[in-house]
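A.B. asks:
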Amino acid sequence: MRHSRARIRGLRPAAVAVFCAATIFTLAQEALSQSPPRTPQDNDSRSRQDPGSGETVNERARPEYDPIGLRAGGFFVYPEVTVTEVFRDNIFYTPSDKEEDFITVISPSLRMQSNWNVHSLTFYADADYGRYLINEDESYVDWRTGIDGRLDIERDLNFAGGVSAARLHEPRSSPDQTGAAEPVTYHRYSGDAALTKRFNRLSTRLGGEVDVYRYNDVPASGGGTFNSDDRDRTVSEGSLRLGYEVSPNIEPFVRTSVNDRSYRQSSDDFGTKRDSWGWEAVAGTAFDLGGVTYGEVYVGYLEQRYDSASLDTISGLSFGGNLIWNPTRLTTVTLGAERTVEETTLSGASGGLQTMLKAQVDHELLRNLILSGDARYARLNYNGISREDDTADAGLSLRYLIDRNFELRAGYSFATRNSSVSSADYDTQTLFLGLTAQF
């Protein structure tokens, strides 16, 4: 084992980067040398360059590459399995003494989707089996399963909802698991429902959702048990959205929501009661400029109040939205922003006000070759303690659709955190190569 560890640590990230770069170049060269099946759009080069109409590069149907699925009565079943090899040069997200490792991830999934003229029903289940080559204690098994449906009551009235269950693990970058010898695992049980009704130009949506979190104890780094039970909680939220269509392409709206965050234990390991309730009110506009540019933006105010007098109220400007721009049918630009109140069990902190900005560009080099780049930035200000985290990550990936049954992906990403707590800083590089089989 010691000999194997030395060999792994001797592999420099640059060498792995060269390998992945060579793989991407080979895939691109092979795909570019092929003559992909021609489609009606291909026959009109001018239409291929014109702006898209309400569909993104990744959403666009590709009949010659999309899986057919298996028919089961009024449903189509889509089985899939992906095997991905990952190299990460800092698996513990530490500021120094980085530990690198290879992770093999096997991800089976199954989706059953209805094929009805009205109403819809979808069942899904998937899992990720991650196995570390050297640091076996970091290996994990995640799974998710659930049901989503929509009931079309009338032409302008529908009811949608779903339930799900999952077993997941927190990333090692989480500040709430510092001191754990193994990744902290938890179960999440969720349910949501929404009633949507349109009265001519007026649209209404009344929704609600519940998330139940149950954390599992793991061994502590210095021996003993790393307790996570004090993070068990139930988060409930209800919202109402009203919109008015002033034109076919513009709909101003207002939205208000209330939430309740109740912890299973009366207090955490530091003796702090963390139950809270909050609200948010925003006004914004949804727009669709001919399918070329569409999305929504909003701004408002939010507040989260805590039952404990020792925890300060979090309040401030609320804003967010998303923008999708299709400058041509071959390129999609996606921008997003969001401000949220995040939970934490750090001593003295009531929570954190997080601002998230993200951008992604997808370009169709060929009909079966898609190049994607993305970047994300988040600032998390903890309330009650003098800690501020700035996190950023960026990546580049290539998706090669071999045929309707096989797909190959390769990519590189870089992530960094600059914190006012120096021991929380990190930077890490990740390379991956994966093959998907689908039917």
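When we follow my numbering, the leftmost residue of the sequence shown carries the number 2, and every step to the right adds one. We treat Cβ as the ideally placed atom computed from N, Cα and C, and that holds for glycine. The structure displayed is predicted, hence computed values, not measured ones.
Rounded to a whole number of angstroms, what is the C-alpha to C-alpha distance between L203 and L243?
C.D. replies: 7 Å
A.B. asks: With 16 other CB atoms within 10 Å as the buried threshold, where does A32 fall?
C.D. replies: Any reading at A32 needs caution, since the residue's pLDDT is 41, under 50, leaving its predicted position unreliable; the model's value is listed next. Classification of A32: buried, given that the 10 Å Cβ count is 16 or more.
A.B. asks: Would you identify the three-state DSSP class for Q266, choosing helix, strand or coil?
C.D. replies: coil
A.B. asks: Please report the Cβ distance between I154 and F124, rounded to the nearest whole angstrom; I am assuming they are in contact, meaning their Cβ atoms lie under 8 Å.
C.D. replies: That pair is no contact at about 22 Å.
A.B. asks: Taking 7 Å as the threshold (C-beta atoms), are D270 and D231 in contact?
C.D. replies: Closer than 7 Å, so yes.
A.B. asks: Pairing CB atoms from the segment 72-84 with CB atoms from the segment 98-117, are three or more of them under 8 Å?
C.D. replies: By the criterion of at least three beta-carbon pairs nearer than 8 Å, the segment 72-84 is in contact with the segment 98-117.
A.B. asks: Taking 8 Å as the cut-off, does the segment 397-409 touch the segment 420-427 (at least 3 CB pairs, one atom from each stretch)?
C.D. replies: No: the two stretches stay apart, fewer than three of their Cβ pairs being nearer than 8 Å.
A.B. asks: List the DSSP bridge partners of I148.
C.D. replies: F124 and V164
A.B. asks: Nearest by alpha-carbon distance to K99: which of D177, P249 and N136 is it?
C.D. replies: N136
A.B. asks: Please list the terminal residues of the continuous beta strand (DSSP E) segment that includes W326.
C.D. replies: I315 to T329
A.B. asks: Can you name, in chain order, every residue of its own chain whose Cβ lies under 8 Å from the Cβ of S420, other than the five neighbours on each side?
C.D. replies: R388, E389, D390, D391 and D426
A.B. asks: Can you tell me the Cβ-Cβ gap for Y383 and L358, rounded? I've got them flagged as a contact below 8 Å.
C.D. replies: In fact, because the Cβ distance is near 19 Å, the residues do not count as touching under 8 Å.
A.B. asks: With N419 as the anchor, note down where its beta strand (DSSP E) starts and where it stops.
C.D. replies: F407 to S420
A.B. asks: Give a yes or no on whether the C-beta atoms belonging to D218 and R265 are separated by under 7 Å.
C.D. replies: no
A.B. asks: Have a look at A186 and S373 and give me their C-alpha separation to the nearest angstrom.
C.D. replies: Per the sequence shown, the amino acid found at residue 186 is Thr instead of Ala. In a straight line, the C-alpha of T186 is about 31 Å away from that of S373.
A.B. asks: Can you give me the C-alpha to C-alpha distance between Y299 and F254, rounded to a whole angstrom?
C.D. replies: 9 Å
A.B. asks: Buried or exposed, going by whether 16 or more other CB atoms sit within 10 Å of the CB of F433?
C.D. replies: buried
A.B. asks: What's the C-alpha gap between Q439 and R368?
C.D. replies: 18 Å
A.B. asks: Helix, strand or coil for E137 per DSSP?
C.D. replies: helix
A.B. asks: In or out: T176 buried (at least 16 other Cβ within 10 Å) or exposed?
C.D. replies: Correcting the residue identity first, residue 176 is Pro in this sequence and not Thr. Looking at its Cβ environment, which holds 16 or more other Cβ atoms inside 10 Å, P176 is buried.
A.B. asks: Measure the alpha-carbon distance for L402 versus A126 and round it to whole angstroms.
C.D. replies: One C-alpha to the other measures close to 23 Å.
A.B. asks: Just mark Y302 as buried or exposed, buried being the case when its beta carbon has 16 or more other beta carbons within 10 Å.
C.D. replies: exposed
A.B. asks: From what residue to what residue does the beta strand (DSSP E) around Q439 run?
C.D. replies: Y427 to Q439
A.B. asks: Per the DSSP calculation, D289 is bridged to which residue(s)?
C.D. replies: Secondary-structure assignment with DSSP links D289 through a beta bridge to Y295.
A.B. asks: Using the DSSP secondary-structure output, state which residues sit across from S204 in a beta bridge.
C.D. replies: R199 and G244
A.B. asks: Considering only DSSP beta bridges, list what L111 is partnered with.
C.D. replies: P80 and A126
A.B. asks: If we count the other Cβ atoms within 10 Å of its Cβ and call it buried at 16 or more, is Q430 buried or exposed?
C.D. replies: buried
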